[in-house]
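These notes are about the structure you will find just below.
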Amino acid sequence: MSEKPKTSRRDLLLGLGAIGVVGGGWQAWIHRPRAMTFEPIEGLPGWRQTVFEGLSAPRGGLSAAAAFAGIGNVTSTPTILPPARLCQTLFQDAQDGKAPVAAFSDFFCPYCRTLTERLAARAADPASNLALTWHELPLLGPSSVIAARAAIAADMQGLYPEFQAALTGSQFRPTTRHIADIAEEVGARAGQLLVDMDGPVVASRLARSRNAARTLGIYGTPALVVGRTLVIGEITDRNLDKLIEMERGTAPTC
Numbered sequence: 434m435s436e437k438p439k440t441s442r443r444d445l446l447l448g449l450g451a452i453g454v455v456g457g458g459w460q461a462w463i464h465r466p467r468a469m470t471f472e473p474i475e476g477l478p479g480w481r482q483t484v485f486e487g488l489s490a491p492r493g494g495l496s497a498a499a500a501f502a503g504i505g506n507v508t509s510t511p512t513i514l515p516p517a518r519l520c521q522t523l524f525q526d527a528q529d530g531k532a533p534v535a536a537f538s539d540f541f542c543p544y545c546r547t548l549t550e551r552l553a554a555r556a557a558d559p560a561s562n563l564a565l566t567w568h569e570l571p572l573l574g575p576s577s578v579i580a581a582r583a584a585i586a587a588d589m590q591g592l593y594p595e596f597q598a599a600l601t602g603s604q605f606r607p608t609t610r611h612i613a614d615i616a617e618e619v620g621a622r623a624g625q626l627l628v629d630m631d632g633p634v635v636a637s638r639l640a641r642s643r644n645a646a647r648t649l650g651i652y653g654t655p656a657l658v659v660g661r662t663l664v665i666g667e668i669t670d671r672n673l674d675k676l677i678e679m680e681r682g683t684a685p686t687c
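Structure follows, in structure tokens:
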């Protein structure tokens with residue numbers, strides 16, 4: 434009767450190592466940098482879009498138009514903006530020599546959190562190559578709307594970055610007490626912020642962002658507009674830098 438060959442410790446380690454190399458190579462292939470491909474945006478000559486993975490959208494596969502129903506107290510159908518007005522709405526904080534970037538986000542979007550932190554850090558850097566305008570697009574329910582209203586109200590006191598960081602870094606509870614606590618934490622006047630949340634300025638800003646998103650066909654978050662290019666989904670820093678350089682090499686649409 435023949436004896437079965439014994440598996441040595443060395444052979445076992447070599448086998449596991451080979452599996453690790455193959456597995457690591459597979460993961461590297463999955464997460465490899467992928468070339469950006471662009472499609473024109475219907476009805477907006479000169480504008481284009483690219484789509485990445487990592488997107489939060491309302492449940493049920495809502496269309497872009499239906500997704501915006503009920504944001505804040507706005508119940509009317511979103512307005513389709515002409516190109517010139519779209520540019521003015523998107524890029525409120527444009528600066529000479531910097532790429533204009535508009536960021537659409539929802540505080541309850543899991544994919545938005547890391548992208549928001551990365552964009553905020555870049556925008557705070559004086560040497561940054563982008564001029565960033567934030568747009569609240571609360572598509573994920575009533576709590577999203579409340580958080581968006583609170584953030585815009587904080588911006589009215591010049592404390593948007595601080596309030597945004599506090600919301601992003603915590604588990605938000607849509608209660609008056611919690612909002613007041615965050616406001617006080619960042620140095621805002623809590624009572625005024627709570628009043629402003631239901632005021633006309635906040636409603637107007639939500640409506641403007643909603644109209645811009647509807648015009649571009651944005652149906653989920655995160656979404657960025659870099660110059661003339663709409664990016665739907667989570668973009669890496671590498672691809673963002675590449676896109677900024679690409680936009681600098683083309684004639685501006687806005």
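In case it helps, my numbering puts the sequence shown at residues 434 to 687. All C-beta atoms in this analysis are idealised placements derived from N, C-alpha and C, irrespective of residue type, glycine included.
Selected residue, minimal CA-CA separation from P760, among F540, G624 and L676: Because the chain spans 434 through 687 in this model, residue 760 falls outside it and cannot be assessed.
Between which residues of its own chain and A532 is the CB-CB distance below 8 Å, once the five residues before and five after are set aside? N562, L563, A564, V659, G660, I677, E680 and R681
Tell me the DSSP secondary structure of P473 in three-state form. strand
Please report the residue range of the alpha helix (DSSP H) in which Q625 lies. A623 to M630
Between which two residues does the alpha helix (DSSP H) holding E680 run? D670 to R681
For the structure I just gave you, are there three or more beta carbon pairs, one from the region 620 to 636 and one from the region 512 to 524, closer than 8 Å? no
Buried or exposed by the 16-neighbour rule on C-beta atoms within 10 Å, applied to K437: Because K437 sits at a pLDDT of 48, beneath the cut-off of 50, its placement in the model cannot be relied upon, and the point is left open.
Local conformation of S603 per DSSP, three classes: coil
Please go through the same chain and pick out, in chain order, the residues whose beta-carbon is closer than 7 Å to the beta-carbon of R546, but skip the five residues on each side of it. T601
First and last residue of the uninterrupted beta strand (DSSP E) at P633: Per DSSP, P633 belongs to no beta strand (DSSP E); it is in the alpha helix (DSSP H), P633 to L649.
Q525 by DSSP, collapsed to three states: which one? coil
Spatial distance of S538 from G479 (CA atoms): 24 Å
Proximity below 9 Å, CB of Q482 to CB of L663: yes
Check whether the Cβ atoms of E667 and G487 lie closer than 9 Å to each other. yes
L572 beta carbon near the ligand GTP (any heavy atom closer than 8 Å): Because no ligand of any kind appears in the structure shown, any question about the ligand GTP cannot be addressed here.
Output needed for N644: all residues of its chain with C-beta closer than 6 Å, excluding positions within five of it in sequence on either side, in chain order. P511, T512 and L514
Exposed unless 16 or more other CB atoms sit within 10 angstroms - verdict on F605: buried
Taking buried to mean at least 16 other C-beta atoms within 10 Å of its own C-beta, is D588 buried or exposed? buried
Keeping to the same chain, check which residues put their C-beta closer than 6 Å to that of P594; ignore five residues upstream and five downstream. none
Could you tell me the boundaries of the beta strand (DSSP E) in which V578 lies? First-last for V578: P575 to D588, but that is the alpha helix (DSSP H), not the beta strand (DSSP E).
Based on Cα-Cα distance, which residue from I651, P559 and A599 lies nearest to A535? I651
For I615, which residues of its own chain have a beta-carbon under 6 Å away from its beta-carbon, when the five flanking residues on both sides are left out? A599
I need the straight-line Cα distance from G530 to A560, nearest angstrom please. 11 Å
In whole angstroms, what is the alpha-carbon distance linking A580 and R638? 14 Å
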